[in-house]
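Down below is the structure, laid out as structure tokens.
Residue numbers (the numbering used here): 6 to 520.
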């Protein structure tokens, strides 16, 4: 490469380089239709990309600097910032935003080294990035998942995923996760509605949502509210008690939360019959949770104590004997609460017991890199689930320490000495690498200030106090064109740490409540 220099204009000259790439061929097949990257709508070839990069360089660099400054000023720890920046790149490389010849768009996200498209239980965690930056992408996913309704002898459920590799059209995962995915969908749908005030997706999928709740009720064959059919869950490298036992506490609490959310949707849609059904399921689960699942200082993993009659969903083989680990300390009990807490709609559970459960499970399951699934099941550490638990603990004042240095230490371990895993969610025994779920780390910004948004009620809620003096950018209210974002600012005063709000005008007509 030869470049001219003219030193008559001064002793220095500036050169800018842009790495440009372009693919004009179809890259993804969706229901048999070839689709190209969405950018082909805006650029005809790589030369146009290069022209854009050259002409808009100052604007692009300014916007990049603004986005970087939000994290720099966020008062997070170095390891928290490293997790966010590192995992965001992995999320981007897993994302597919494409368009067909008719202009129909499709968005989905690879499950890293598994290559499944927008696995519902993975997007349940990834979803925090949509709430931070771009909720219309979640609306796309809610509409897309609705096209993947499946049936078994219990009823309707959502497919685990939408396809694999470069083809979308049917579930590719070996077995379904019926109760898991139904609950995840309803919780994300409810959170989307409360954060945006847009009920349209719930209106479009009203009938589907009713069928998903029907599955909850029919999967409970004992009448105690706890599902015992269709109960294989997202924790797919765990022991039988954690992964697919009947009457799991994890799935029961998540089902309670999903039905609590669905009851509010039903009320907004004027569907009294469905609302009554949802409230009935919530009541049954709560009664059983209080009466049978509490073991004095934590919740059981499941109510079942025997493996008799249980079938391994991977092998189809029956299990026998005692169900090992049924009474262990689990980090998953409270997993279903976060989206409800983010909109200020705490589900009807015993919060004192939930806090104790979180704190005691943390102590009993902790390892060098974070907590294992349970105190009995030491098979793996999932960083995304540790992060999720940490945020719930923060919203509930459960008093856990910052564990991000543990999590980042595992990332460093798995990306040194010849290992190149990108963001890896697990260690050694489960190779979930270049994995999107690490973007769950963006939730540090929500948890630090206890951010709750409810546009249906016209309110933004923030914690009065923070664990230390800090500035927290409220990313959902950023004006990216103008380069403005409101901050929750916590200063140390004679009265202690007190919160204030900078640039409140960016919240438009929403009222601010401190709790």
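Yeah, the Cβ is synthetic: ideal placement off N, Cα and C, and Gly gets one too.
Every value quoted in this text rests on a predicted model; they were computed, and no experiment measured them.
Buried/exposed call for residue i, threshold 16 Cβ in 10 Å
i, result
"residue 350", "buried"
"residue 547", "Given a span of 6 to 520 for the chain in the structure shown, any question on residue 547 remains unanswerable."
"residue 161", "buried"
"residue 259", "buried"
"residue 330", "buried"
"residue 421", "exposed"
"residue 6", "exposed"
"residue 485", "exposed"
"residue 206", "buried"
"residue 92", "buried"
"residue 198", "buried"
"residue 136", "buried"
"residue 85", "buried"
"residue 10", "exposed"
"residue 51", "exposed"
Which of helix, strand or coil DSSP assigns to residue i
i, result
"residue 516", "strand"
"residue 104", "strand"
"residue 317", "coil"
"residue 259", "helix"
"residue 169", "strand"
"residue 211", "helix"
"residue 247", "helix"
"residue 176", "coil"
"residue 462", "coil"
"residue 425", "coil"
"residue 308", "coil"
"residue 473", "coil"
"residue 367", "helix"
"residue 506", "strand"
"residue 439", "coil"
"residue 13", "helix"
"residue 296", "helix"
"residue 493", "strand"
"residue 485", "coil"
"residue 289", "helix"
"residue 220", "helix"
"residue 135", "helix"
"residue 264", "helix"
Whether residue i touches residue j by CB criterion (8 angstroms)
i, j, result
"residue 40", "residue 196", "no"
"residue 378", "residue 286", "no"
"residue 218", "residue 282", "yes"
"residue 262", "residue 194", "no"
"residue 245", "residue 328", "yes"
"residue 26", "residue 59", "no"
"residue 127", "residue 33", "no"
"residue 443", "residue 408", "no"
"residue 221", "residue 189", "no"
"residue 402", "residue 247", "no"
"residue 460", "residue 520", "no"
"residue 120", "residue 47", "no"
"residue 508", "residue 481", "no"
"residue 223", "residue 134", "no"
"residue 243", "residue 339", "no"
"residue 458", "residue 200", "yes"
"residue 433", "residue 99", "no"
"residue 441", "residue 238", "no"
"residue 380", "residue 334", "yes"
CA nearest to the CA of residue i, picked from the options
i, options, result
"residue 416", "407, 108, 386 and 245", "386"
"residue 123", "83, 160 and 178", "178"
"residue 356", "49, 295 and 453", "295"
"residue 234", "273, 192 and 185", "185"
"residue 325", "311, 319, 337 and 334", "311"
"residue 176", "426, 149 and 388", "149"
"residue 102", "65, 45, 428 and 491", "45"
"residue 163", "147, 170, 171 and 169", "147"
"residue 112", "139, 93 and 92", "139"
"residue 97", "78, 79 and 117", "117"
"residue 280", "293, 264 and 198", "264"
"residue 109", "79, 411, 256 and 145", "145"
"residue 230", "289, 273, 255 and 431", "289"
"residue 487", "405, 71, 414 and 37", "71"
"residue 514", "489, 462, 216 and 504", "462"
"residue 266", "232, 242 and 214", "214"
"residue 371", "411, 506, 399 and 345", "411"
"residue 342", "299, 399 and 323", "399"
"residue 79", "452, 500 and 373", "452"
Review point. Is there contact between the stretch 494–507 and the stretch 461–480, where contact requires at least three CB pairs shorter than 8 angstroms?
Key: yes
Point to revise | Meets three-Cβ-pair contact criterion under 8 angstroms: the stretch 438–458 and the stretch 392–404 | key: Touching, yes, given that three or more Cβ pairs across the two stretches are closer than 8 angstroms.
Exercise for review: State whether the stretch 300–318 contacts the stretch 251–259, with contact taken as three or more CB pairs (one from each stretch) at a distance under 8 angstroms.
Suggested key: yes
Check your understanding: With a cut-off of 8 angstroms, do at least 3 Cβ pairs link the stretch 357–368 to the stretch 105–112?
Key -> no
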